[in-house]
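**Q** To start, I am sharing the structure in question, which I have written as structure tokens.
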Amino acid sequence: MNQIIKKCFVLLLLVGVGLVHAQTFPSKPITIVAPFAPGGNVDIVARAVAQGLSLTLGQSVLVDNRAGAGGSIGSTFVARAEPDGYTLLLATTNTISVLPYMMKAPPYKPSGFSPIGLAAISPLVLVVRSDDKRFADVNALIATAKKEPNRISVGHSGLGTSNHLAILRTEDAAKVEFNIIPYKGSTPALTDLMGGQLDFMVDQLSSSKGFVDTGKLRILAVLSKERDTSIPQVPTFVEATKIDVEANTTSGLLAPPGTPVEIVRILNNALNKAVNEASYKNRLIAVGSLPKSSTPQEWANILNQESMNSQKLSQSGKLKAE
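Written out as structure tokens, the structure is:
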């Protein structure tokens with residue numbers, strides 16, 4: 037009985053401490069870790085979220101880019117941070133719920149975070165250099181890949197990312213084999229694409245659109261269910277090829293495990309308010325992303341479902357640890 041009373045006392049003490057912290061939260065700058073290089077989709081969304089949270093919370097919110105290993109370096113840093121609400125992670129479903137199943141010794145578990153809420157959904161696109169005459173359309177790309185297995189190079193932003201999985205799905209559905217090259221984010225891959233070191237790239241529209249608008253890159257297809265309203269002239273992959281492949285990138289905000297519920301609630305309210313502000317919406321829509329808000333539980337459900345899908349793929353051997 038004494039042990040039960042002691043445990044209840046400790047629990048009440050922790051709850052009380054959490055409430056005290058929540059009453060003064062935030063009392064200092066907040067850091068959002070973006071686990072990919074600057075200029076990519078996650079970085080773009082993270083900076084939009086940081087600006088929105090800063091306005092809604094009345095406190096400075098900084099972005100810290102910690103790129104590498106498909107996003108696991110930055111994610112691990114946050115998973116091990118103090119659960120006080122001052123160190124957050126802007127990550128995708130793949131970073132949290134797919135990547136751990138592709139690593140022999142994952143540094144964190146899909147359940148090792150406190151979900152705060154969704155931030156954006158970004159469509160994926162197939163992009164080539166504007167002056168590359170080999171690929172007039174996406175069908176020309178697929179035909180060339182079939183004639184030259186493992187010769188057509190494609191870059192992606194990191195192991196286990198939605199970009200990476202979209203390439204694997206495309207290979208499987210189209211019965212082709214690409215020379216797949218991983219990078220530490222979209223920006224270095226886009227640099228190599230424009231420099232001629234890559235043949236094409238699967239990327240988020242948000243990080244490619246600036247180069248498309250300046251005429252350096254050309255989009256062959258959108259990997260979404262419907263055409264994107266910001267580039268209505270570009271067909272979907274399914275529409276152009278009759279091959280059923282769809283993919284996008286869902287991103288949201290997370291905190292370290294054990295973050296007090298009240299602090300998660302404060303951050304979720306602030307995030308949802310920011311996401312629904314006109315300035316946030318306009319900023320994301322301008323680069324081809326869709327603003328998306330949610331409750332912590334809705335975001336958690338999405339991550340859990342993706343984790344279960346990854347577990348099944350891992351057990352079947354389709355998703356392999358590297």
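For the sequence shown, our numbering gives the first residue as 37, with consecutive numbering after it.
The beta-carbon is built from N, C-alpha and C at its ideal position, and this holds for glycine as well.
1. Who does S189 pair with in a DSSP beta bridge?
2. What whole-angstrom Cβ distance do L195 and E358 have, given they're in contact under 8 Å?
3. Kindly list the residues whose CB is nearer than 6 Å to the CB of Y137, restricted to its own chain and excluding five residues on each side of it in sequence; keep chain order.
4. Check each candidate in P71, S150, V311 and A202 and name the one with the smallest Cα separation from S260.
5. Could you pull out every unbroken beta strand (DSSP E) segment of at least 3 residues lying fully inside the stretch 87-158, listed in chain order?
6. When you compare the stretch 122-141 with the stretch 312-319, are there three or more beta-carbon pairs, one atom per stretch, that lie closer than 8 Å?
7. Does the structure place the stretch 166-185 close enough to the stretch 113-122 that three or more beta carbon pairs sit under 8 Å?
8. Counting beta carbon pairs with one atom in the stretch 147-160 and one in the stretch 326-337, are three or more of them shorter than 8 Å?
9. With which residues is S287 paired in a DSSP beta bridge?
10. Are the stretch 259-273 and the stretch 230-248 touching, with three or more C-beta to C-beta distances below 8 Å?
11. Under 9 Å, do V258 and I80 count as touching if we go by C-beta distance?
12. Any idea which residues DSSP pairs D239 with across the strands?
13. With H, G and I counted as helix, E and B as strand and the rest as coil, what does DSSP make of T67?
14. Is the beta carbon of I68 less than 9 Å from the beta carbon of L89?
15. N312: buried (16+ other C-beta within 10 angstroms of its C-beta) or exposed?
16. Look at the Cβ atom of T129, then the Cβ atom of E342, and state whether they are nearer than 9 Å.
17. Just to confirm, are N284 and S108 a CB contact at a threshold of 9 Å?
18. Within 10 angstroms of the Cβ of K220, are there 16 or more other Cβ atoms? Answer buried if so, exposed if not.
19. Nearest CA to the CA of F214: which residue from T227, Q87, G191 and T197?
20. Which term fits L49, buried or exposed, when burial requires 16 or more other beta carbons within 10 angstroms of its beta carbon?
21. So within the stretch 257-315, which uninterrupted beta strand (DSSP E) runs reach at least 3 residues, ignoring any that extend past its ends?
22. From the DSSP secondary-structure annotation, give me the bridge partner or partners of L253.
**A** Let me spell this out:
1. N215
2. 7 Å
3. S346, S350 and L355
4. A202
5. 97-101 and 123-128
6. no
7. no
8. yes
9. T128 and A156
10. yes
11. no
12. V161
13. strand
14. yes
15. exposed
16. yes
17. no
18. buried
19. G191
20. In this prediction, L49 has a pLDDT of 49, which is less than 50 and means its spatial position is unreliable; nothing more can be read from the coordinates.
21. 284-291
22. R165
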